[in-house]
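Residue numbers (the UniProt record's numbering): 1 to 220. I have placed the structure first, in the form of structure tokens, so that the comments after it can refer back to it.
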């Protein structure tokens, strides 16, 4: 497995970074949730392990193959790695997450796995460092920035991929504002239109859950 050393860490703030207050709140929220639920999907604000598996399958359907390198943005406990391995898709896996407590639990469940604490803009990987870059649920928190951070993350993910990017979001057409609470949903058409500015080879998939969609972006 690849081992990224300190060279890859950015030690200065970037204009692309998450707001520091929001970052701290997310870390604290996940710490409290882990203390309450332990190693369980509930700690990551997922309804069930079955739901996780559906999302993992759709992400992998972009074309992930055994031996590929993969960056999992907002990896949580690195359950995607376990799912891939269970489906004969052993990949060169790197996972990143803001929560040190969540990552520590993931490391105990996956000894030796390459798990790094931070958000995407904390790392100075060069372009096309990974075959695939994937993200599941991480952009569903409402940062009150009209989706600006999400667009920056999508752009950076595509910069880092050699083959493609897959990520999921909540579908804004299926929720009212009061239903969402602290969560953020997005219009699939608007997100797809933005992704098309990065690559012409992108498509939206919404055939797996009633209130979620996945975007596939591939190198043209």
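The beta-carbon is built from N, C-alpha and C at its ideal position, and this holds for glycine as well. What you are looking at is a predicted structure, and each value in this text was computed from that prediction instead of being measured.
For residue 130, the three-state secondary structure derived from DSSP is strand.
Boundaries of the beta strand (DSSP E) harbouring residue 212: 212 to 218, taken from the DSSP string. For the 8 angstroms CB-CB criterion, residue 98 and residue 23 form a contact. Minimum Cα-Cα distance from residue 202 among the listed residues 91, 211, 208, 188 corresponds to 188. For residue 132 against residue 62, the beta-carbon gap comes to about 7 angstroms, under 8 angstroms, which counts as contact. Per DSSP, reduced to three states, the secondary structure at residue 197 is coil, with no helix or strand assignment.
For residue 80, the uninterrupted alpha helix (DSSP H) run begins and ends at 79 to 86, by DSSP. Collapsing the DSSP output to three states places residue 90 in coil.
The beta carbon of residue 198 sits closer than 7 angstroms to those of 155, 158, 217, all from its chain and outside the five residues before and after it, given in chain order.
Under the 8 angstroms Cβ criterion, the region 107 to 116 counts as touching the region 75 to 82, having at least three qualifying pairs. Between residue 137 and residue 219, the C-beta gap is not smaller than 8 angstroms, which leaves the two residues out of contact.
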